[in-house]
Amino acid sequence: MPVWDISNAKHLLSRCLFGYSRKDLEQALSYPTLEEFVEKSLLASLPLPPPPGDWVNENPVANNGTADGDRYRSMTYWWYNQQLGERLNMREKMVLFWHNHFVSERDKVNFPQHMYRQNTLFRRSAWGNFRQLTKEVTIDPAMLIYLDGRLSSGNTPNENYARELMELFTLGIGNYTETDVKQAALALTGWQVNGLNATFNPNRFSNTTKTFLGKTGNFAYGDIVDIILEKPQAAEFICQKLYKEFIFYKPNESFVKQMADVFRKNSYEIRPVLSFMLTSDEFYKTDYKGAKIKSPMETTIGILKAFDMTPAQMNPTADWAYVYTQSQALQQQLFFPPSVQGWVGQRDWINSTTFVVRGGFSDNVVNMMGNARAVQFKNISAPVDYARSYKTSEDAVKFVDDVVTLFLQFPLSAQKKEALVRTLLGGTILANWSTSTPGADVQLKVFFKAVMRLPEFQLA
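Take 201 as the starting number for the sequence shown in the working numbering and just add one per residue.
1. What residue from Val-303, Ile-373 and Asn-329 has the CA that sits closest to Leu-347's CA?
2. Go through its chain and collect everything with a Cβ distance to Ala-521's Cβ below 7 Å, but skip five positions before and after it.
3. Give the DSSP-derived three-state secondary structure of Val-303 in the structure shown.
4. With DSSP as the reference, label Gln-283 as helix, strand or coil.
5. Using a Cβ-Cβ cutoff of less than 6 Å, which residues in the same chain neighbour Asp-641 once the five nearest sequence positions on both sides are dropped?
6. I need the DSSP call for Asn-466, collapsed to helix, strand or coil.
7. With burial defined as no fewer than 16 other Cβ atoms inside 10 Å of the residue's Cβ, what is the status of Lys-210: buried or exposed?
8. If Arg-350 sits next to Val-309, beta carbons under 8 Å apart, how far is it from one beta carbon to the other, in whole angstroms?
9. So which of Phe-218, Val-575, Thr-510 and Ile-373 has the shortest CA-CA distance to Val-295?
10. Taking 8 Å as the cut-off, decide whether the C-beta atoms of Glu-469 and Asn-319 are in contact.
11. I'd like the span of the beta strand (DSSP E) that includes Asn-579, first residue to last.
12. Can you tell me whether Met-201 is buried or exposed? The criterion is at least 16 other CB atoms within 10 Å of its CB, across all chains shown.
13. Would you kindly work out how many angstroms separate the C-alpha atoms of Val-604 and Asn-300, rounded to a whole number?
14. In terms of residues, what are the limits of the beta strand (DSSP E) holding Thr-500?
15. Can you list, in chain order, the residues of its chain whose CB lies under 7 Å from that of Val-540, leaving out five sequence neighbours each side?
16. With DSSP run on the structure shown, which of helix, strand or coil describes Ile-493?
17. Pick from Phe-412, Trp-298, Glu-258 and Ser-480: whose alpha carbon is nearest that of Pro-537?
18. If we count Cβ pairs, one from each stretch, closer than 8 Å, do we get three or more for the stretch 284-293 versus the stretch 250-261?
19. So, under 8 Å CB-CB, Ala-342 and Met-315 are touching, yes? Tell me the CB distance rounded to an integer number of Å.
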């Protein structure tokens with residue numbers, strides 16, 4: 201079992217949450233062991249949050265008199281709130297993982313009610329049973345619309361979902377044939393979308409014998425999922441995606457096979473394989489720490505968390521609207537992945553444009569500190585007040601070290617730390633540093649901006 205210390209705790213929180221505050225880190229370390237923290241906090245069961253509005257239960261007909269774009273925006277703000285308020289539980293990270301795995305997107309699905317229900321399915325099943333989740337996704341209204349399952353019938357089977365079910369959702373290329381796609385498409389027929397729900401129309405079902413992945417029978421959608429999951433490649437495919445998301449972008453295939461063995465032995469329950477992964481020595485290897493490029497949501501929400509912002513302090517008409525536009529510019533708009541393959545992540549998150557946007561976002565958050573007339577983030581602490589929440593605030597060297605320790609996962613060189621101390625001092629000497637000195641608030645802002653513009657800050 202890996203040692204439960206500040207280095208491993210920071211690494212675990214940075215990978216499993218959308219950032220963390222000092223209070224989060226201290227609370228995590230209050231658990232006596234890593235295993236106890238993972239079981240009792242990170243993977244603890246939670247009630248579902250209240251919906252973003254009563255409209256989620258309205259029959260989706262003719263926009264219900266309201267622009268769906270407005271509802272999608274409000275639902276996105278609602279999800280931001282869940283991410284910011286996640287505390288020490290990784291459910292929201294898993295909701296985004298499944299959203300990026302079983303991809304649907306708002307422009308084709310159209311009605312936000314369907315996307316909300318799919319999002320709730322991912323939240324309810326975040327670490328439930330993968331077999332059951334896959335079956336439910338297969339007949340989920342948003343998915344039936346997005347991959348054209350609702351248009352599929354025995355006479356004219358549509359192969360879109362059948363293909364993606366195997367290629368992107370369960371097996372990967374090379375583990376099925378074109379004949380398997382055609383036969384699976386027949387078994388998936390009969391499902392349509394009626395209002396908020398999916399309904400089965402037996403007249404549209406291909407009530408015939410199918411031969412799929414070497415088995416023959418009059419299969420329906422549930423049978424197709426069951427047959428797929430009999431193949432060992434299925435468990436390995438999902439575990440490889442979990443590994444790439446939470447450990448390292450280049451999978452250790454030997455460890456992936458260990459994960460897959462846990463997955464299969466636990467009947468495709470997701471929680472045991474997550475627990476195995478997060479408490480393994482593999483997860484905490486030094487080479488993996490600070491080796492993941494933060495996603496836009498990890499960046500934006502993480503910055504707010506680092507400065508102790510909470511959902512109650514956020515103004516949805518200004519703060520979340522700004523996060524929304526900046527996330528778009530950073531190329532991650534929730535409910536709107538770029539394709540059925542989802543967001544690729546890692547190096548795709550950083551380019552000459554998005555790196556500048558990241559710096560602009562962090563600069564703007566700092567600019568708003570203590571500014572009562574600010575448009576965004578007017579409830580964020582003043583820089584001096586925030587600095588004084590550190591016991592080391594009056595010692596420039598120790599304060600810089602504490603901030604760097606909290607904000608960064610990647611080790612910072614002594615030269616860069618010295619440069620940050622000089623930035624904080626702003627020309628004065630160490631002996632003269634004090635948060636009570638006139639102009640300290642200005643120097644603190646310059647310092648925080650400098651920390652968050654470091655390339656190391658972009659790494660989790």
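No residue lacks a Cβ here, since even glycine has one placed at the ideal position from N, Cα and C.
If we stick to the structure as given:
1. For the purposes of this step, residue 347 is taken as residue 147 along the sequence shown, with counting starting at 1. Nearest of Val-303, Ile-373 and Asn-329 to Leu-347, Cα basis: Val-303.
2. In the sequence shown, counting from the first residue as 1, residue 521 sits at position 321. If we look at Ala-521 and ignore the five residues flanking it on each side, it has no Cβ neighbours.
3. On the sequence shown, residue 303 is found 103 positions in, with the first residue counted as 1. DSSP places Val-303 in coil when its eight states are reduced to three.
4. Locating residue 283 in the sequence shown gives position 83, where the first residue counts as 1. Three-state DSSP puts Gln-283 in a helix.
5. Position 441 of the sequence shown, counted from the first residue, corresponds to residue 641. These residues qualify, in order along the chain: Pro-583 and Val-584.
6. Residue 466 sits at position 266 when you count from the first residue of the sequence shown. Asn-466: coil per DSSP, three-state reduction.
7. The count along the sequence shown starts at 1 and reaches residue 210 at position 10. With 16 or more Cβ atoms within 10 Å of its Cβ, Lys-210 is classed as buried.
8. Translated into positions along the sequence shown, residue 350 becomes position 150. Translated into positions along the sequence shown, residue 309 becomes position 109. Between Val-309 and Arg-350 the Cβ distance is about 11 Å, and since that is not below 8 Å, they are no contact.
9. Here residue 295 is taken as the residue at index 95 of the sequence shown, counted from 1. It is Phe-218.
10. Walking along the sequence shown from the start, residue 469 turns up at place 269. Walking along the sequence shown from the start, residue 319 turns up at place 119. Contact: no.
11. The residue you call residue 579 lines up with position 379 of the sequence shown. Element bounds for Asn-579: n/a, residue is neither H nor E.
12. As a working note, residue 201 is residue 1 in the sequence shown. Looking at its Cβ environment, which holds fewer than 16 other Cβ atoms inside 10 Å, Met-201 is exposed.
13. Sequence index remark: in the sequence shown, residue 604 carries index 404 (1-based). Sequence index remark: in the sequence shown, residue 300 carries index 100 (1-based). If I take the Cα positions, the gap works out to 31 Å.
14. Position 300 of the sequence shown, counted from the start, is the residue given in the question as residue 500. Not the beta strand (DSSP E): Thr-500 falls in the alpha helix (DSSP H), residues 496-506.
15. Residue mapping note: residue 540 aligns to position 340 of the sequence shown, counting from 1. Val-303, Glu-364 and Leu-368, listed in sequence order.
16. On the sequence shown, residue 493 is found 293 positions in, with the first residue counted as 1. Note: Ile-493 maps to strand in three-state DSSP.
17. Translated into the one-based positions of the sequence shown, residue 537 becomes position 337. It is Trp-298.
18. no
19. Taking the first residue of the sequence shown as position 1, residue 342 is located at position 142. Taking the first residue of the sequence shown as position 1, residue 315 is located at position 115. The Cβ separation is near 5 Å, so the contact holds.
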